[in-house]
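Everything below concerns the one structure shown next.
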Amino acid sequence: MKILYAEDEQQISRAVTEILKIEGFDVTSVYDGGEAWGRISTGYYDAVILDIMMPVMDGIDVLEKMRNNDIFTPVLMLTAKASIDDRIKGLSVGADDYLSKPFSMKELVARINSMLRRKNQYKNEILKFGNTSLDCTTGELKSEKSSLRLSNIEVELLSFLVKNPGAIYSGEKLNEILWQNSKSADSISLYIAYLKNKLTQVCSDSSIIISDPGYIFGVKGR
Amino acid sequence: MNSKDLEFYGDLAPLLIEKENSLLSEIKGILDSISTDSETALAEHLKSRIKSCDSIKEKLGKNDLDENAVTGLKELSDVIGLRIVTHFVGDIYTVLEKIQLSKKWRVVTVKDYITNCKPNGYRSLHVILSVDFDYPGLDHINVEIQLRTIAMDCWASLEHQLKYKKNIKNTELIVSELKRCADEMASTDLSLQTIREMIQNHE
Chain A
0 MKILYAEDEQ QISRAVTEIL KIEGFDVTSV YDGGEAWGRI STGYYDAVIL DIMMPVMDGI
60 DVLEKMRNND IFTPVLMLTA KASIDDRIKG LSVGADDYLS KPFSMKELVA RINSMLRRKN
120 QYKNEILKFG NTSLDCTTGE LKSEKSSLRL SNIEVELLSF LVKNPGAIYS GEKLNEILWQ
180 NSKSADSISL YIAYLKNKLT QVCSDSSIII SDPGYIFGVK GR
Chain B
0 MNSKDLEFYG DLAPLLIEKE NSLLSEIKGI LDSISTDSET ALAEHLKSRI KSCDSIKEKL
60 GKNDLDENAV TGLKELSDVI GLRIVTHFVG DIYTVLEKIQ LSKKWRVVTV KDYITNCKPN
120 GYRSLHVILS VDFDYPGLDH INVEIQLRTI AMDCWASLEH QLKYKKNIKN TELIVSELKR
180 CADEMASTDL SLQTIREMIQ NHE
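As you go down the protein sequences, you meet chains A and B in turn. So the first sequence is residues 0 to 221, counted in numbering that gives the first Met the number 0. So the second sequence is residues 0 to 202, counted in numbering that gives the first Met the number 0.
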């Protein structure tokens with residue numbers, strides 16, 4: 000599981016990073032909000048830990064920017080002990096959980112695990128893009144003109160791409176992010192082809208562009 | 000045609016049967032021109048029928064029209080109906096293109112219920128043709144060709160049973176499940192089409 004950890008206090012950062020690595024997480028540490036946003040916007044991470052007080056952009060701003068850009072990666076906020084306002088603000092702009100400093104490492108690990116478990120239940124949502132919608136629970140891909148039922152793998156792939164419009168993903172990257180490298184390169188290009196044809200079939204105004212560096216999801220003609 | 004239908008159509012009956020047969024052989028010619036190899040043949044099967052007198056009368060009656068054969072031929076487009084059932088979705092459009100190019104008839108309309116599926120999930124492509132006819136007051140008649148895949152055909156036959164069976168329990172459940180199946184089959188039809196393209200691009 001890939002975690003982005005944003006914390007400007009070097010000593011805390013080093014210690015927490017080490018312990019999370021021991022717990023088996025693949026941790027990337029950054030030291031300010033600007034760098035955090037740059038990395039999160041790739042959609043690469045499974046979870047994000049954000050300190051609130053950081054240079055360049057504070058944790059709340061990063062979180063707000065994420066949710067405004069339809070990036071739904073689970074976020075755990077680290078707040079100063081006294082600040083109830085920070086907690087409320089964090090939760091109201093879309094944090095999934097918070098932990099106040101100083102915290103116990105055991106509790107941090109437990110909360111990350113619980114957040115990741117819940118992440119897989121975020122499926123019960125209906126994604127809307129242009130004239131098309133995807134019901135992630137039933138797999139129904141629908142437009143005014145027609146509808147189709149997608150398989151689970153197709154839903155996983157399309158919902159990920161829909162949440163990250165305009166970003167370029169190579170087949171390998173998608174394989175790593177979505178299926179922990181368990182799929183073959185051929186199967187990913189086949190699933191992309193399925194989705195491309197199925198989006199066309201329901202007359203969607205969105206499509207997947209197959210380009211040299213990778214796949215890009217977007218609204219046609221933009 | 001059974002005796003009841005023969006009586007209803009009268010002297011139109013032999014003309015209709017002849018027209019039906021000539022259309023069948025035209026369409027068969029089109030299909031064979033694309034492929035005669037059984038492995039790559041487009042059509043799984045080709046069928047035709049002449050509308051039963053009961054069905055014509057019902058339809059005309061609904062529209063307050065005289066319930067006779069000539070009115071039926073003038074007002075309805077599917078007194079003669081052909082159905083082409085293909086393996087893959089793409090084949091439907093390949094055949095459609097050939098039908099549109101033929102000089103043997105005039106294409107009146109194409110209704111694409113594959114792209115615009117009906118709310119219940121029905122999918123097919125309907126082509127209405129205007130063909131020459133040799134009967135006093137009827138120099139042309141319309142005929143309907145339905146094109147669909149095996150999956151769509153299978154679905155339609157089940158849905159047809161539902162329509163004509165009375166007193167079915169759980170109608171609501173069956174209707175919603177049929178709609179779900181239609182969407183799943185359409186999805187699988189496209190997956191098969193995609194795989195086939197992938198295989199063919201390899202050759």
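Here a beta-carbon is modelled for each residue, glycine too, at the ideal position from N, C-alpha and C.
DSSP places B/Thr35 in the coil class of the three-state scheme, outside both helix and strand. The alpha carbon of B/Thr187 has as its nearest neighbour, out of B/Met197, B/Ala150, B/Ser156, the alpha carbon of B/Ala150. Among the residues of the region 197-210 of chain A, those with a Cβ less than 7 Å away from any Cβ of chain B are Lys197, Gln200, Cys202, in the order of the chain. When rounded, the separation of the alpha-carbon atoms in A/Gln10 and A/Leu62 is 23 Å. Here A/Asp31 is not near A/Ile2, since their CB atoms are 8 Å or more apart. Between the C-alpha atoms of A/Leu160 and A/Leu98 there is a straight-line separation of about 31 Å.
Under the Cβ distance rule, B/Met197 counts among the residues neighbouring chain A, one pair being separated by less than 8 Å. The three-state reading of DSSP puts A/Lys88 in helix, counting H, G and I together. In terms of beta-carbon proximity, A/Leu147 lines the interface with chain B, with at least one pair separated by less than 8 Å. Chain-order list of chain A residues neighbouring B/Thr114: Lys144, Ser145, Gln200, Val201, Cys202, by C-beta distance under 9 Å. Residues of chain B whose Cβ lies closer than 8 Å to the Cβ of A/Tyr193 are, in chain order, Leu189, Ser190, Thr193. Closest by C-alpha distance to A/Leu107, out of A/Asp84, A/Thr78, A/Glu8, A/Leu177, is A/Thr78. Beta-bridge partners assigned by DSSP to A/Ala35: none are found. No Cβ of chain A is located within less than 8 Å of the beta carbon of B/Ala150.
One finds Leu147 in chain A with Cβ atoms closer than 7 Å to the Cβ of B/Ala185, taken in chain order. Contacts with chain B at 8 Å (Cβ-Cβ) include A/Glu139.
With contacts defined by Cβ atoms closer than 8 Å, A/Tyr4 and A/Ile176 do not form a contacting pair. Excluding five sequence positions before and after A/Lys219, the CB atoms of its chain that fall closer than 7 Å to its own CB belong to Asp204, Ser205, Ser206, given in chain order. Look at the region 163-192 of chain A: the residues with a C-beta under 7 Å from a C-beta of chain B are Leu189, Ala192.
The beta carbons of A/Lys172 and A/Gly213 sit about 7 Å from each other, so the pair counts as a contact at 8 Å. In terms of CA proximity to A/Phe71, A/Ala94 leads the group A/Leu147, A/Ala94, A/Ile167, A/Ala184. Residue pairing of A/Gln9 in beta bridges, as defined by DSSP: absent, with no partner found. Cβ-Cβ separation between B/Ile33 and B/Leu41: approximately 5 Å, consistent with a contact (criterion under 8 Å). Counting other Cβ atoms within 10 Å of its Cβ, A/Gly89 reaches 16 or more and is therefore classed as buried. In this structure, A/Met76 lies away from A/Leu115, with their beta-carbon atoms at least 8 Å apart. Contact of B/Asp77 with chain A is not assigned, every C-beta pair being separated by 8 Å or more.
In this chain, the beta strand (DSSP E) harbouring B/His125 covers 124-134. Considering only B/Asn67, B/Asp131, B/Met184, the residue with the shortest C-alpha distance to B/Asp53 is B/Asn67.
The shortest CA-to-CA distance from A/Glu153 to any of A/Gly23, A/Ile191, A/Lys182 is the one to A/Ile191. In the pairwise beta carbon analysis, the region 110-129 of chain B is classified as touching the region 181-200 of chain B: at least three pairs are separated by under 8 Å.
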